[in-house]
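2 protein chains.
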Amino acid sequence: MSVLQQAAQARGASIDLAAATRAEKDAALLRMADRLVERADDIVAANAVDISTARNANLSESMIDRLALTPARVAAMADGLRQLAALSDPIGDVVRGSTLANGLELRQVRVPFGVVGIIYEGRPNVTADAAGICLKSGNAVLLRGSSSAASSNAAIVSVLRKAVADTGLPADCIQLLDSTTRDSVKELMRARGLVDVLIPRGGASLIKTVVEESTVPVIETGVGNCHVYVDEDADLEKALAIVMNSKTQRLSTCNTAESLLVHSSIADSFLPLVIEELTAAGVTVHGDPRVRNYSDDVVPATEADWGTEYLSADISAAVVDTLEDALDHIRRYGTGHTEAIVSESMTATRRFAARVDAAAVMVNASTRFTDGGEFGFGAEIGISTQKLHARGPMGLPELTSTKYIVTGSGHTRR
Amino acid sequence: MSVLQQAAQARGASIDLAAATRAEKDAALLRMADRLVERADDIVAANAVDISTARNANLSESMIDRLALTPARVAAMADGLRQLAALSDPIGDVVRGSTLANGLELRQVRVPFGVVGIIYEGRPNVTADAAGICLKSGNAVLLRGSSSAASSNAAIVSVLRKAVADTGLPADCIQLLDSTTRDSVKELMRARGLVDVLIPRGGASLIKTVVEESTVPVIETGVGNCHVYVDEDADLEKALAIVMNSKTQRLSTCNTAESLLVHSSIADSFLPLVIEELTAAGVTVHGDPRVRNYSDDVVPATEADWGTEYLSADISAAVVDTLEDALDHIRRYGTGHTEAIVSESMTATRRFAARVDAAAVMVNASTRFTDGGEFGFGAEIGISTQKLHARGPMGLPELTSTKYIVTGSGHTRR
Chain A
0 MSVLQQAAQA
10 RGASIDLAAA
20 TRAEKDAALL
30 RMADRLVERA
40 DDIVAANAVD
50 ISTARNANLS
60 ESMIDRLALT
70 PARVAAMADG
80 LRQLAALSDP
90 IGDVVRGSTL
100 ANGLELRQVR
110 VPFGVVGIIY
120 EGRPNVTADA
130 AGICLKSGNA
140 VLLRGSSSAA
150 SSNAAIVSVL
160 RKAVADTGLP
170 ADCIQLLDST
180 TRDSVKELMR
190 ARGLVDVLIP
200 RGGASLIKTV
210 VEESTVPVIE
220 TGVGNCHVYV
230 DEDADLEKAL
240 AIVMNSKTQR
250 LSTCNTAESL
260 LVHSSIADSF
270 LPLVIEELTA
280 AGVTVHGDPR
290 VRNYSDDVVP
300 ATEADWGTEY
310 LSADISAAVV
320 DTLEDALDHI
330 RRYGTGHTEA
340 IVSESMTATR
350 RFAARVDAAA
360 VMVNASTRFT
370 DGGEFGFGAE
380 IGISTQKLHA
390 RGPMGLPELT
400 STKYIVTGSG
410 HTRR
Chain B
0 MSVLQQAAQA
10 RGASIDLAAA
20 TRAEKDAALL
30 RMADRLVERA
40 DDIVAANAVD
50 ISTARNANLS
60 ESMIDRLALT
70 PARVAAMADG
80 LRQLAALSDP
90 IGDVVRGSTL
100 ANGLELRQVR
110 VPFGVVGIIY
120 EGRPNVTADA
130 AGICLKSGNA
140 VLLRGSSSAA
150 SSNAAIVSVL
160 RKAVADTGLP
170 ADCIQLLDST
180 TRDSVKELMR
190 ARGLVDVLIP
200 RGGASLIKTV
210 VEESTVPVIE
220 TGVGNCHVYV
230 DEDADLEKAL
240 AIVMNSKTQR
250 LSTCNTAESL
260 LVHSSIADSF
270 LPLVIEELTA
280 AGVTVHGDPR
290 VRNYSDDVVP
300 ATEADWGTEY
310 LSADISAAVV
320 DTLEDALDHI
330 RRYGTGHTEA
340 IVSESMTATR
350 RFAARVDAAA
360 VMVNASTRFT
370 DGGEFGFGAE
380 IGISTQKLHA
390 RGPMGLPELT
400 STKYIVTGSG
410 HTRR
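Pasting the structure below:
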């Protein structure tokens with residue numbers, strides 16, 4: 000079946016799904032969870048096919064570990080679906096309401112988008128997560144996963160579709176697209192009118208391709224060249240803890256810090272400390288000449304370093320003479336994801352928070368907090384780095400649109 | 000100067016504009032209004048050049064009237080700016096806020112987009128409107144108007160920029176792009192990174208081009224193939240008033256009704272009335288065979304009629320046997336702008352409102368009410384027919400994004 004045919008099926012299913020009650024959707028989510036657990040052996044067996052293909056292709060052991068499913072990992076997927084069932088339903092929320100001067104009653108109500116396309120790489124658990132989040136928010140979903148997880152994804156989607164149908168909702172609201180060819184991505188990007196929004200989740204090159212080529216509206220996610228700026232009025236103990244946590248708590252996430260900016264007036268006291276601790280943690284510091292004055296462990300930073308999202312045990316570091324210089328640097332190299340300031344100064348933190356153009360600004364807190372779970376959203380489909388529609392972690396409300404319902408009694412306009 | 004250079008200037012100006020207070024922005028708006036009035040003679044003189052060019056090009060008198068500026072029309076533009084000054088400022092509004100379990104304080108705050116591009120046709124008053132709305136919402140604006148209004152727009156923008164600078168805000172936050180070549184539209188559509196959002200206002204073909212070719216995120220506006228569905232339980236007097244108002248109150252607006260659907264059980268009583276009244280008002284009814292049974296004045300509707308936004312004294316009309324048939328018809332031919340139902344039945348109106356996929360659903364009210372002014376928004380930059388970011392009339396808040404500001408005291412993630 001072609002992508003357009005699957006998209007048309009999804010659109011058909013989305014009409015009924017949009018009208019489903021929360022009780023119906025939650026019943027489907029719980030059924031999906033139960034069936035995943037019951038069918039865990041089949042899913043693990045299907046996963047073994049992907050693992051075997053990956054080994055034959057000489058994928059790294061860390062890649063294979065990301066791909067691998069165990070009964071425990073399947074159970075975790077099921078738990079994720081049960082947690083979604085417990086979240087409140089954004090559909091039908093009245094966002095704005097008033098009675099106009101002429102007596103017309105105006106309500107702006109949350110409605111599903113309709114059909115959401117998700118292009119993702121890597122872990123097969125995203126398949127269940129994305130399907131669940133879309134179902135809870137009343138959207139049909141077209142899933143275009145990684146070819147490396149094709150067999151696992153097929154098994155998971157088969158179980159989920161059957162479970163949805165068991166509870167009376169349309170199975171066609173969950174569609175798995177062919178992942179063996181790039182054509183399915185191309186067709187998806189051109190399915191304007193059938194697909195309401197496309198969310199690419201993955202590396203920078205995937206996101207760039209989708210943003211540039213899609214005629215379907217896109218929500219850009221995830222590229223994070225995040226900075227920590229340590230101000231002249233920073234508490235250096237907090238600064239050290241925040242830099243270390245932002246860089247090393249997990250290396251390969253989009254909210255990991257990739258660049259450190261230190262005010263020149265505290266460089267002498269702070270840089271030796273932080274370089275030593277970063278180096279001890281196995282992080283290579285790529286520094287400008289002033290940073291390199293403090294340690295032979297620092298390697299020279301090239302122009303490319305400032306714009307690099309390492310996703311590895313590397314960090315770029317520069318000394319800046321003013322808060323304005325830090326802002327200029329971030330304006331030039333930042334990706335609008337998360338920028339942090341460490342400072343005890345009200346003036347500095349207020350100015351930084353007001354002037355930095357990013358989805359999230361951390362004041363005396365680790366960049367790692369930009370996350371739907373940490374923000375208390377309960378579920379996250381990705382972190383938007385664009386300004387349109389959603390910015391920052393996207394939970395269930397960010398997967399909705401709105402509709403005005405205007406009620407009169409024969410009202411006409413003068 | 001190239002579009003990219005102008006966009007870069009606008010981006011530079013947008014940084015200071017984003018940090019401007021409401022008082023500063025309102026002072027600029029009032030100065031802009033005063034200066035327009037003071038310079039009205041110069042603006043009218045510049046307009047005379049456009050009028051003369053239009054006459055030489057044999058533009059219709061109605062087009063020329065749309066283009067023409069008088070001191071009274073300039074004064075109306077100034078009044079629009081004064082009204083904007085009186086509206087509350089969306090920037091800085093806290094959209095969501097909480098204290099997380101770990102004590103982090105989370106605030107989601109409205110911020111400007113940064114740089115907004117507006118491509119528009121026709122009337123030069125849009126120039127002042129759009130500049131004012133963008134300024135009030137803290138956005139720099141790139142204005143790409145119609146070549147037919149080039150001289151008028153240049154005069155208006157010159158006055159506005161000077162007025163902005165007089166009050167200490169950056170004049171570069173208002174930029175007029177070259178309207179004599181299509182290249183400026185193309186460059187604007189490719190200025191991703193410099194321009195945050197593009198809003199095309201104009202005919203269907205302009206909007207289609209921008210939507211398909213722009214790499215800058217687009218908010219689609221305005222195409223409205225709006226239906227009025229007269230249900231079997233309609234009050235026929237209300238139905239007649241609503242159809243007439245929806246179709247004839249103004250012919251060429253996007254919220255004008257272009258198609259009439261009548262339930263078969265009331266066709267006998269309603270269609271003769273409405274056809275007679277529409278015909279008397281000079282409207283040509285393009286009907287399906289069942290509608291044509293009622294009057295020789297009805298011309299045959301072709302398949303193309305159902306999908307046509309006439310913007311003229313024409314309406315398509317069909318008889319449907321059920322509410323579901325009406326919904327199917329609207330799903331197939333509607334553009335997601337405004338759809339109306341006339342019915343006294345709670346069941347029918349609830350089902351229609353829930354199932355119709357449009358920016359606005361009118362229940363016993365004219366389609367003409369889908370309008371920022373009518374909704375009480377005070378200002379409108381257009382009516383979005385897309386689901387991403389903004390749907391329906393877009394006021395000041397719809398010209399903003401948000402930013403999370405997260406404040407801690409040295410918080411790190413476990």
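Those protein sequence lines, which keep their order, are chains A and B. Counting from 1, position 281 in the first sequence corresponds to residue 280 in numbering that gives the first Met the number 0; the numbering is continuous, with no gaps. Counting from 1, position 328 in the second sequence corresponds to residue 327 in numbering that gives the first Met the number 0; the numbering is continuous, with no gaps. Here a beta-carbon is modelled for each residue, glycine too, at the ideal position from N, C-alpha and C.
query                                                                                                                                                                                        : result
Rounded to the nearest angstrom, what separates residue 12 of chain A and residue 142 of chain A at their Cα positions?                                                                      : 15 Å
In this structure, what does DSSP give as the bridge partners for residue 402 of chain B?                                                                                                    : B:108
Short of 7 Å Cβ to Cβ, which residues in the segment 380-409 of chain B face chain A?                                                                                                        : 385, 386, 387, 388, 390, 391, 400, 401, 402, 403, 404, 405, 406, 407, 408, 409
Compute the beta-carbon to beta-carbon distance between residue 193 of chain B and residue 23 of chain B, rounded to the nearest angstrom, for a pair I have assumed lies under 8 Å.         : Not a contact, Cβ separation roughly 24 Å.
Quick check on residue 352 of chain A - is its C-beta less than 7 Å from some C-beta in chain B?                                                                                             : yes
Around the C-beta of residue 291 of chain B, are 16 or more other C-beta atoms found within 10 angstroms, so that it is buried, or is it exposed?                                            : buried
Mind checking residue 402 of chain B: buried by the 16 CB within 10 Å criterion, or exposed?                                                                                                 : buried
Output the distance between the C-alpha atoms of residue 155 of chain B and residue 51 of chain B, rounded to the nearest integer angstrom.                                                  : 18 Å
Given a limit of 8 Å on CB to CB distance, which residues of the segment 357-368 of chain A reach chain B?                                                                                   : 357, 358, 359, 360, 361, 362, 363, 364, 365, 367, 368
For residue 195 of chain B and chain A, any beta-carbon pair shorter than 7 Å?                                                                                                               : yes
Going by DSSP, what residue range makes up the alpha helix (DSSP H) through residue 337 of chain A?                                                                                          : Looking at the DSSP string, residue 337 of chain A is not in any alpha helix (DSSP H); the run it does join, the beta strand (DSSP E), is 337-341.
Threshold first: 4 residues or longer. Then list the alpha helix (DSSP H) segments lying entirely within the segment 235-316 of chain B, N to C.                                             : 235-247, 263-279, 288-291, 302-305
Listed from N- to C-terminal order along the chain, which residues in the segment 76-100 of chain B have their beta-carbon within a distance smaller than 7 Å of any beta-carbon of chain A? : 97, 99
Sort out for me which residues DSSP pairs residue 392 of chain A with in a bridge.                                                                                                           : A:382
Closer than 8 Å by C-beta to residue 64 of chain B: which residues in its own chain qualify, once you throw out the five before and the five after it? Chain order, please.                  : none
Look up residue 217 of chain B in the DSSP assignment and say whether it is helix, strand or coil.                                                                                           : strand
Is it buried or exposed for residue 243 of chain A, if we count other Cβ within 10 angstroms and need 16 for buried?                                                                         : buried
Residues of the segment 236-258 of chain A in Cβ contact with chain B at a cutoff of 7 Å, in chain order, please.                                                                            : 237, 240, 241, 244, 248
Are the Cβ atoms of residue 358 of chain B and residue 331 of chain B separated by less than 7 Å?                                                                                            : no
So that I know if they touch, is there some Cβ in chain A lying closer than 7 Å to that of residue 103 of chain B?                                                                           : yes
Using alpha carbons as the reference points, say which of A:352, A:398, A:4 lies closest to residue 177 of chain A.                                                                          : A:4
Consult DSSP for residue 346 of chain B and reduce its assignment to one of helix, strand or coil.                                                                                           : helix
Give the residues of chain B in contact with residue 18 of chain A, contact being defined as C-beta atoms less than 7 Å apart.                                                               : 353, 354
Going by C-alpha to C-alpha distance, which of B:49, B:74, B:15 sits closest to residue 31 of chain B?                                                                                       : B:74
Report buried or exposed for residue 298 of chain A, applying the criterion of at least 16 other Cβ atoms within 10 angstroms of its Cβ.                                                     : exposed
Quick one: which chain B residues come within Cβ less than 7 Å of residue 375 of chain A?                                                                                                    : 97, 99
At a cut of 8 Å, does the segment 201-209 of chain B reach the segment 125-133 of chain B through at least three beta carbon pairs?                                                          : no
Would you kindly check if the distance between the Cβ of residue 215 of chain B and the Cβ of residue 190 of chain B is under 7 Å?                                                           : yes
Residues of chain A with CB closer than 7 Å to the CB of residue 211 of chain B, please, in chain order.                                                                                     : 214
What are the boundary residues of the alpha helix (DSSP H) that residue 202 of chain B is part of?                                                                                           : Segment: none, residue 202 of chain B is in no alpha helix (DSSP H) and carries neither H nor E.
Please report the straight-line C-alpha distance between residue 410 of chain B and residue 212 of chain B, rounded to a whole angstrom.                                                     : 44 Å
So the beta strand (DSSP E) residue 125 of chain B belongs to, where does it begin and stop?                                                                                                 : Note, residue 125 of chain B: premise wrong, no beta strand (DSSP E); alpha helix (DSSP H) at 124-135.
Does the distance from the C-beta atom of residue 187 of chain A to that of residue 131 of chain A stay below 7 Å?                                                                           : no
Using C-beta distances below 6 Å, list every residue in its chain close to residue 46 of chain A, excluding the 5 sequence neighbours before and after it, in chain order.                   : 68, 151
Can you name the residues that DSSP bridges to residue 364 of chain B?                                                                                                                       : A:410
Between the segment 159-173 of chain A and the segment 99-113 of chain A, are three or more C-beta pairs nearer than 8 Å?                                                                    : no
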